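Scroll down for the structure; my scribbles are underneath it.
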Amino acid sequence: MTEQASLYDRLGGREALQTFASVVVKRAMLDDTIGHIWNHATEYSVQREINGFVDWMSEHWGGPDKYHGPDMATIHRGMGITEEYWDALFVIIDNAYEEFGLAPELVEEVDAYLRSFKPAIVGSPTLRNVAKEHPDMDVMDGIKSVGVVWPAPQQPARAAS
Ligand code: HEM
């Protein structure tokens, strides 16, 4: 019996992932609920974000490229992503699956994987608010140095990695 191709290959490889990531990030930027997160983003930072997202999908889904950034809790810690923001992003993502005509079984696999990172992405306070509450915080020591631990230790192992 032949082994099933990787999810990366079944989705169409780097070019397909790059198109998906570019469309999603651009629409997120234009969105009324979450667009403000990119208010001061630069061309370079958005290109880096898209490339990082593509590398991350490649690494997790059997492609050749590796993601070299920090884990999902670390990269999003301090961004202040709420449930409302999460839902707004997944409306954009759901529309992209449909627009790209992704087969239902691929949608199921991709969506379940992406959504599994919710505990590592949603719920962190904004770094600015923590700094306002703790003006003496040394940001180089992070929010944990003033007792703000996120994700909370009782959350799933993936969130704490
Ligand atoms: C409302 C939800 C989300 C928002 C607003 C958001 C926003 C962002 C932003 C602004 C960055 C860039 C950080 C930086 O430049 O330092 C980033 C990085 C990243 N995000 Fe998210 N994100 C969300 C959800 C997700 C989800 C669901 C995933 C995948 C499961 C994800 C994967 C990534 C990855 C892999 C990076 C690193 C890219 C790089 O190398 O810079 N994000 N996110």
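Add 992 to the 1-based position in the sequence shown for this note's numbering, that's all there is to it. Every residue, glycine too, gets a C-beta built ideally from N, C-alpha and C. Just so we're clear, the structure is a prediction, and the values are computed from it rather than from any experiment.
Query                                                                                                                                                                     : Result
Run the CB neighbour count on Asp1047, radius 10 Å, all protein chains shown included, and call it buried at 16 or more, exposed below.                                   : buried
In the DSSP assignment, what are the bridge partners of Thr1118?                                                                                                          : Met1071
Whose C-alpha, out of Ile1113, Trp1053, Leu1003, is nearest the C-alpha of Met1093?                                                                                       : According to the sequence provided, residue 1093 is Gly. The question's Met does not apply to it. Nearest of Ile1113, Trp1053, Leu1003 to Gly1093, Cα basis: Leu1003.
Are Ile1042 and Ser1014 closer than 8 Å when you measure CB to CB?                                                                                                        : yes
Please find out if some non-hydrogen atom of the ligand HEM comes closer than 7 Å to the beta-carbon of Ile1067.                                                          : yes
Is Ala1020 near the ligand HEM, in the sense that its beta carbon is under 7 Å from a heavy atom of that ligand?                                                          : yes
Enumerate in chain order the residues of its own chain whose CB-to-CB distance from Glu1075 is below 7 Å, with the five nearest sequence positions on each side excluded. : Val1114
What is the residue span of the alpha helix (DSSP H) that Phe1045 lies within?                                                                                            : 1035-1052
In terms of residues, what are the limits of the alpha helix (DSSP H) holding Glu1007?                                                                                    : 1005-1022
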